[in-house]
Amino acid sequence: MAKTRRTEAQDRTLAAALKYAKFGWTVFPVDIATKRPHTAGKHSNGRRWGATKDPKQIERNFRRWPNAAIGIPTGIDNGIWVLEADTPKGHDVDGIANLQALIDANGPLPETRMARSPSGSIHYFFTHPNKGLVRNSASALAPGVDVRGEGGMVICDPSVKPGVGEYTWLNKAGFKHAPPWLVTLVTEQPTKYQPGDPHAPFSKIAEALDLLPNDARSQWQIVDADGVVLKEFKGWDGWNSIALASYRATSGSDEGFVIFDKWCRKNIVKYNEVYTWRTWYKRFPSCPPIRITVATLFAIVDDECPGWQAIYNEEHSYDDDDDREYRS
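At position 240 of the sequence shown (counting the first as 1) the number is 243 in my numbering, and the numbers step up by one without a gap.
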């Protein structure tokens, strides 16, 4: 059977997807008619929508679905969020005028990267703020003004919507930080540490969760220097212990949830997005952990990766007196 000849538009889309990945963004193929991903996390080691930077995987994806649009996840991982102003033509509301009213009342936007959708909506791309988490919203800031943040996505140039038009960049400006007034409107600020909460450098917690396996066996343990198992963590109880330690170590912050959720997604068999979110934002706040500490998490990771903690502490000149002894 003869291979179907690729079109110039399909080749441009593939080239752009590879370019975005080289820039540092994860990308995934999108069905332009439904705006749903062709790929899924359960087939991609838990990565949301199967988003990837791997050029070989990107090429396979866009050759398998040659008419796919390019999806870019927004939020902390890709370091961007998008402000979208809709048009009467595409959404029966003048988001552009309503956004301008916000700007007139609060101050100008910087000259940041901008794009236009086939319906004429304008997308403003901003660098993710250093603190807080940008939440998705639709018409919350003003009618027709939407936000694509953590857990959201945006379709990018040169994706084509047949019979309507292309997604196109409007300029070549760099990606700028949004002004403080806008950041305040779109972010949920992280919960501050409560007095007495044990904590460690966020980078150490993130590295621990990155190293810690999470597969279908759902089994972890803490072993002493002689190989004696001090404590085992199995199944849901084990997962919950790691969740509690992560929650307390990060004081239940949004940033903490992002790295914990990323760890949970490693388990492509048992991962449940809604349950994970409700555990962090509903269950734990109503009954916060008071005994388990970050030391439990570090001890478990040290068993999986012997010597990890000592290496981290030496490389970062970190004194681990506060988290030396594990409790549970």
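All C-beta atoms, glycine included, are put in the ideal place defined by N, C-alpha and C.
- When only Cα atoms are considered, PHE129 and LYS234 end up about 45 angstroms apart.
- About 15 angstroms separates the beta carbon of TRP28 from that of THR42, a gap too long to meet the 8 angstroms contact definition.
- Here the alpha carbon of GLN60 sits roughly 20 angstroms from the alpha carbon of ILE35.
- Pairing TRP266 with LEU215 gives a Cβ-Cβ distance under 9 angstroms.
- For the set THR90, PRO165 and LYS175, the Cα lying nearest the Cα of GLY147 is the one of THR90.
- About 6 angstroms separates the Cβ atoms of ILE158 and GLY74, confirming a contact at the 8 angstroms cut-off.
- Of the candidates PHE236, ARG116 and ALA20, ARG116 places its Cα closest to the Cα of LYS175.
- Shortest Cα-Cα distance from ALA219 to any of ALA12, ILE83, TRP84 and VAL272 involves VAL272.
- Inclusion of PRO113 and LYS179 in the CB contact set at 9 angstroms is warranted, their separation being smaller than that value.
- Looking only at SER142, VAL150, TYR127 and TRP242, the smallest Cα-Cα distance to LEU136 is reached by VAL150.
- A Cβ-Cβ contact shorter than 9 angstroms links ILE208 with VAL297.
- For the pair HIS131 and MET156, the Cα-to-Cα distance works out to about 14 angstroms.
- Taking the Cα positions, ARG286 is about 20 angstroms away from THR299.
- The Cβ atoms of TYR127 and LEU188 do not sit closer than 9 angstroms to each other.
- When secondary structure is reduced to three states using DSSP, ARG119 falls in the strand class.
- ALA141 has ASP149 as its beta-bridge partners, per DSSP.
- For VAL85, the uninterrupted beta strand (DSSP E) run begins and ends at 83-88, by DSSP.
- In this chain, the beta strand (DSSP E) harbouring ILE73 covers 72-76.
- Shown here for VAL261: same chain residues with a beta carbon closer than 6 angstroms to its own, the five before and five after excluded, namely ILE79 in chain order.
- With fewer than 16 neighbouring CB atoms inside 10 Å of its own CB, LEU173 falls in the exposed class.
- Annotation for THR130: no alpha helix (DSSP H) segment contains it, though the beta strand (DSSP E) segment containing it runs 125-130.
- In this chain, the alpha helix (DSSP H) harbouring ILE208 covers 205-214.
- Between TYR284 and PHE263, the C-beta gap is not smaller than 9 angstroms, which leaves the two residues out of contact.
- For PRO161, no beta strand (DSSP E) segment is defined, and its DSSP state is neither H nor E.
- Of the other Cβ atoms in all chains shown, fewer than 16 fall within 10 Å of the Cβ of TRP184; this residue is therefore exposed.
- The beta-bridge partner set that DSSP reports for ARG66 is empty.
- Collapsing the DSSP output to three states places GLU114 in coil.
- The shortest CA-to-CA distance from VAL33 to any of ILE303, TRP68, LEU21 and ASN109 is the one to TRP68.
- In terms of CA proximity to GLY241, ILE303 leads the group ILE303, GLY152 and VAL167.
- THR16 sits close to ALA72, with the two beta carbons spaced by under 9 angstroms.
- The three-state reading of DSSP puts PHE301 in helix, counting H, G and I together.
- When only Cα atoms are considered, LYS22 and ILE106 end up about 32 angstroms apart.
- In this chain, VAL167 is not harboured by any alpha helix (DSSP H), its DSSP state being neither H nor E.
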